[in-house]
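Down below is the structure, laid out as structure tokens.
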Amino acid sequence: MLLGLLTTLGCGGMNPPQLAGPVNVNGKVVTSQGKTVGGFVVNLQPLEEGYEKKVEVKSDGTFTVETHAGKYAYYFTPKSGTGKVPPEVASLAEANLERTVSVASGEELIINLP
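Just so you know, we're using the numbering used here here: the sequence shown kicks off at 3 and counts up by one.
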């Protein structure tokens with residue numbers, strides 16, 4: 003009976019859950035007036051599993067990232083060589099786990115600025 007149980011569960015017991023495969027996501031950063039803003043890096047910190055992603059936001063406010071579906075905290079940092087972020091995102095340059103977005107396969111990721 004013990005042999006049957008070990009065969010069913012495997013020798014290591016229960017396997018940890020595996021992340022679903024990565025998804026390609028198109029996104030954009032939009033001000034409260036509906037204008038896009040870019041020229042900086044958006045940092046996506048997973049709140050579940052995975053690794054932080056740092057993605058350059060183009061001057062037109064768009065970005066593309068390959069990551070896993072899930073909930074992420076976000077904050078902004080300067081683009082390499084610039085040393086600063088645009089004024090529209092300056093107040094969001096510190097990490098904050100309460101400021102979140104959800105990434106889903108096949109959906110555009112829109113970060114709406116307050």
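Ideal Cβ positions, reconstructed from N, Cα and C, are used throughout, including at glycine.
What does DSSP give as the partner residues of Thr79 in its beta bridges? Looking up residue 79 in the sequence shown gives position 77. Note: Thr79 sits in a beta bridge opposite Val43.
Just to check my reading of the structure: Val43 and Thr79 have Cβ atoms closer than 8 Å, yes? What is that Cβ distance to the nearest angstrom? Here residue 43 refers to the residue found at position 41 of the sequence shown. Here residue 79 refers to the residue found at position 77 of the sequence shown. Going by Cβ atoms, the distance from Val43 to Thr79 rounds to 5 Å, so yes, they are a contact pair.
Simplified DSSP state of Asn90, which is helix, strand or coil: Taking the first residue of the sequence shown as position 1, residue 90 is located at position 88. Residue identity differs from the one stated: residue 90 is Glu in this sequence, not Asn. Three-state result, Glu90: helix.
To the nearest whole angstrom, what separates the beta carbons of Val31 and Val25, a pair I think is in contact under 8 Å? Here residue 31 corresponds to residue number 29 of the sequence shown, with the count starting at 1. Here residue 25 corresponds to residue number 23 of the sequence shown, with the count starting at 1. Incorrect: roughly 19 Å between the Cβ atoms, too far for contact.
Per-residue burial, Lys113 [other beta carbons within 10 Å of its own, 16 or more giving buried]: Numbered from its first residue, the sequence shown carries residue 113 at position 111. Rather than Lys, the amino acid found at residue 113 in this sequence is Ile. Buried.
If you run the structure through DSSP and keep just helix, strand and coil, what is Tyr53? Here the question's residue 53 lines up with position 51 in the sequence shown. Coil at Tyr53, not helix or strand.
Measuring only the C-alpha atoms, how far is Ser34 from Lys55? Stepping through the sequence shown from its first residue, residue 34 is reached at position 32. Stepping through the sequence shown from its first residue, residue 55 is reached at position 53. Approximately 24 Å, taken between the alpha carbons.
Hey, how far is the Cα of Gly63 from the Cα of Gly41? The residue you call residue 63 lines up with position 61 of the sequence shown. The residue you call residue 41 lines up with position 39 of the sequence shown. Spanning the two alpha carbons is a distance of roughly 7 Å.
Can you say whether Leu2 is buried or exposed, counting buried as having 16 or more other CB atoms within 10 angstroms of its CB? This structure cannot settle anything about residue 2, because the visible part of the chain is limited to 3 through 116.
I'd like the span of the beta strand (DSSP E) that includes Thr102, first residue to last. Translated into the one-based positions of the sequence shown, residue 102 becomes position 100. Counting along the chain, the beta strand (DSSP E) containing Thr102 begins and ends at Thr102 to Val105.
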